[in-house]
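Enquirer: Read top to bottom, the protein sequences are chains S and W.
Under the numbering used here, read the first sequence as residues 1 to 164, first letter to last.
Under the numbering used here, read the second sequence as residues 1001 to 1421, first letter to last.
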Amino acid sequence: MYVQLITLSITLPRDWFVNPQVLSEFYERFKDVPPEEIKRFSYNQGLALGRSIVERLKIEGDDGEAMAAVLREALKGEPTARIVHVGKRSVLLRNSGFCPLMTAALSLGLPWAWLCEVLGWPFFHGLVSAVNPKVDMKMIRRRAKGDPCCDHLFEVGEGRLILP
Amino acid sequence: MHLNRSALRFRPPGGLPSLVYIIALPERSIARAFSSVALSRPSPEIELALSFAEVGVEGVEHRVLLAASNLKRGQRSLPLEKSYSGSASKLDSLVAEKPISIFTIRVGWAHGLEEARLLLKSHLKDANRSLKSLGVAHECLLATLEDRDSLSPSQPLVRELIVIPYSHDFEEAVHEFWRLCEDLATLASYAGRLYKLKLDRNLILMQIDSSEKSTQMRINEIFVDIRRPMEELGLEGLEGVLREVTTLFSNLSILASVMRRDYVKAQSLLRRITSLYESLSEAPLGHYPTNSSVETSYYESLVAPFKDFIERVNALRVQLDTVLNAVRTYLGIQRQKLGIEEQASSRDLLARLVSLQEILHKLEILIVAFYITEMGKLVFEAVAPRESGILTVAFIPLALLISTAIQRLLHRNERVSVDRD
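1. Determine the closest residue to S:K88 out of S:L163, S:D63 and S:W112, with distance taken between C-alpha atoms.
2. Tell me which residue opens and which closes the beta strand (DSSP E) that S:F123 is part of.
3. So, at 7 Å on beta carbons, what are the nonlocal neighbours of W:A1038 in its own chain, with the 5 sequence-adjacent residues on each side left out?
4. Helix, strand or coil for S:R82, going by three-state DSSP, please let me know.
5. Quick check on the DSSP output: the alpha helix (DSSP H) that includes S:P20 runs from which residue to which?
6. Is W:Y1021 helix, strand or coil when you go by DSSP?
7. From the DSSP output, in three-state form, read off W:G1339 for me.
8. Identify each residue in the segment 132-144 of chain S for which the Cβ-Cβ distance to at least one residue of chain W is less than 9 Å, and report them in chain order.
9. Got a sec? Which residues, its chain only, sit under 7 Å from W:S1101 by beta carbon, not counting five neighbours each side?
10. Is it the case that the Cβ atoms of S:V84 and S:R72 are separated by a distance below 7 Å?
11. What in chain S is Cβ-close to W:V1240, meaning under 9 Å?
12. Can you tell me whether DSSP reads W:P1156 as helix, strand or coil?
13. How would you list, in chain order, the residues of chain W whose beta-carbon sits under 7 Å from the beta-carbon of S:F26?
14. Please determine, among W:V1020, W:E1300, W:M1259 and W:T1215, the residue with the shortest C-alpha to C-alpha distance to W:L1320.
15. Just to make sure I have the definition right: I need the residues of chain S whose C-beta is within less than 7 Å of the C-beta of W:T1215. Which are they?
16. Could you tell me which residues DSSP puts in a beta bridge with S:D151?
17. Whose Cβ in chain S lies nearer than 8 Å to the Cβ of W:M1230?
18. Using a C-beta to C-beta distance shorter than 7 Å, which residues of chain S count as neighbours of W:I1254?
19. Using a C-beta cutoff of 7 Å, does S:P122 count as contacting chain W?
20. By a C-beta neighbour count over all protein chains shown, 10 Å radius and 16 as the cutoff for buried, is W:Y1021 buried or exposed?
21. What does W:G1135 pair with, by DSSP beta-bridge criteria?
22. Rounded to a whole number of angstroms, what is the C-alpha to C-alpha distance between W:V1303 and W:K1198?
23. Could you work out which residues of chain S lie near W:I1204, taking near to mean beta carbons separated by less than 7 Å?
24. What residue range is occupied by the uninterrupted beta strand (DSSP E) comprising W:I1105?
25. Run the CB neighbour count on S:D151, radius 10 Å, all protein chains shown included, and call it buried at 16 or more, exposed below.
26. If the criterion is Cβ atoms closer than 7 Å, does the pair W:Y1288 and W:S1133 meet it?
27. Here's the rule: buried if 16 or more other CB atoms are within 10 angstroms of the residue's CB, otherwise exposed. What is W:E1358?
28. Tell me whether the beta-carbon of S:A104 lies closer than 7 Å to the beta-carbon of S:P20.
29. Just confirm the distance between the C-beta atoms of W:V1141 and W:L1113, as a whole number of angstroms; I'd bet it's less than 8 Å.
30. Give the straight-line distance between the Cα atoms of W:M1375 and W:L1410, rounded to the nearest whole angstrom.
31. As an exercise, report each continuous alpha helix (DSSP H) stretch of at least 4 residues that is fully enclosed by the segment 1206-1292 of chain W, in chain order.
32. For S:N44 and W:R1243, I'd like the C-alpha separation in whole angstroms.
33. Report the rounded CA-to-CA distance for W:D1183 versus S:E28, giving the unit in angstroms.
34. For S:L163, does the three-state DSSP call read helix, strand or coil?
35. If you pair each beta-carbon of the segment 1242-1262 of chain W with each one of the segment 101-119 of chain S, do three or more pairs fall below 8 Å?
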């Protein structure tokens, strides 16, 4: 338990998804940890960043606009990410182009799909949950599965991460 | 192409089998897979042999499991499908790791090429199978069967072959057969590695169409951004563009370099495969394409996407380089503009200062002339009190002249001291 607490104490920098060094360290530290635990860690990292953004930008409300504001700020400067729809209670985030996670995974020989599953998706779910803890994240399309882009649908629901 | 024959250590089972299984394994899993094979035999009628071949760009020694069943003194017929399916599954269960390729060889024996052709023809009819390619190598008829199903992404590379040695001398037929088998075992290893490499990168290679399109769109948007006036774009906007371009550029550079590494590996394997087929000196037979031509073009098709990917990513990189150059030029022009504006405003300021100085000089002359006139007035009042008014008025032009002379003298001295400085 003690070892686990130390292992889980690392903090991800904001640019983790384009930072091969961070991804490499993440893999080394978490490769033998059960996926559910890593997902929880990643979710909490996203949540912490989301909360800091909410506080700094003084984002109010828990609707689609508020979710989109957090995502825009977190993904500032990331050319592959774009918010394509903002609804009253939902946001659709699309990642197209060459996936930075895929690039890093390829260059370091890391498992791409694993990184998406235990790091990428829970992190973004946590990020948006800072606005509304009941938000569901549904992965409609995934590049790691062969789709042309990744579509993340954030919708107010029960706070679940859904992979159809 | 250099093929390290001395590294091949192959111990063929004696006689001519009716079936041979060649199973190539990924190099990391060899120890585990082969320890279980060494401990137990799949069944009494199956003989195992291990083929060691030097494979890959890293020079890793790579092993291939070769199992031969129904070793008899040669059969002049080909085995029926049902006679070996059980052995194949037993072998599968023996190999702990997932193979990268499985080559199954059905073996017959004929006295002469014509008899071999007839044997093949009747087998194809009985088994209801068709041929993909056919040829003659090492005094053996070598045929590849059409694939039963299309390969699923998780499957290893599968090949079903028919080999019929047609030498009249049985010992010669056995020798030629195992010589060909050794080449096929090496081929299974090279081909399996190439296939695995392509399989591992398939998802990434598949990304090229959509990712290229969206990156291209983004580049176009950036170009539009740069074309906006400086006041609209602002320094913050320019900084954002630079950050974005740098991120894209670094991503593409990483992708291109990793894919180039894989492409080099794939090309090396392809060269080895091509060289192996060349060494077979396969001759065509009938109207079928040779195994060498069909297989070589298939393996070339596995390598081509790597090259395509690199070229397309590099084309995007060139465009991003153009964007960076445009940003640099844009910044240069803006700096030049600012310089010209600054120059123009300083010239105006200088002109204003010069005219101000001229006014001051004139004012100086008037003030000095005034003081000289006042002093003259005092002198005239003392010397000729009655005519002092007229004398003072008459003295004014002289005072102005004196004042101008003093001013010039003083400023000449000033200029001299400035020049000295």
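Glycine is no exception: its CB is placed at the ideal position from the N, C-alpha and C atoms.
Note that this is a predicted model, so its numbers are computed, not measured.
Expert: The structure says:
1. S:D63
2. Taken as a continuous stretch (DSSP letters only), S:F123 belongs to no beta strand (DSSP E), being part of the alpha helix (DSSP H) at W121 to S129.
3. Annotation note: pLDDT 48 at W:A1038 (below 50); position unreliable, no value reported.
4. strand
5. P20 to F30
6. strand
7. helix
8. R143 and A144
9. A1024, P1156, L1157, A1188, A1191, G1192 and Y1195
10. no
11. The sequence given here has Gly at residue 1240 of chain W, not Val. Neighbours of W:G1240 on chain S, chain order: K76 and G77.
12. coil
13. Correct list: empty, because the minimum Cβ distance to chain W is about 17 Å.
14. W:T1215
15. G97 and F98
16. S:R94 and S:R141
17. By Cβ distance, chain S contributes nothing, its closest Cβ being about 21 Å from W:M1230, past 8 Å.
18. T103 and S107
19. no
20. buried
21. W:L1142 and W:P1284
22. 8 Å
23. M102 and L106
24. S1101 to V1107
25. buried
26. yes
27. exposed
28. yes
29. Just to set this straight, residue 1141 of chain W is Leu in the shown sequence, not Val. 7 Å between Cβ atoms; contact.
30. 20 Å
31. 1208-1227 and 1230-1280
32. 28 Å
33. 41 Å
34. coil
35. yes
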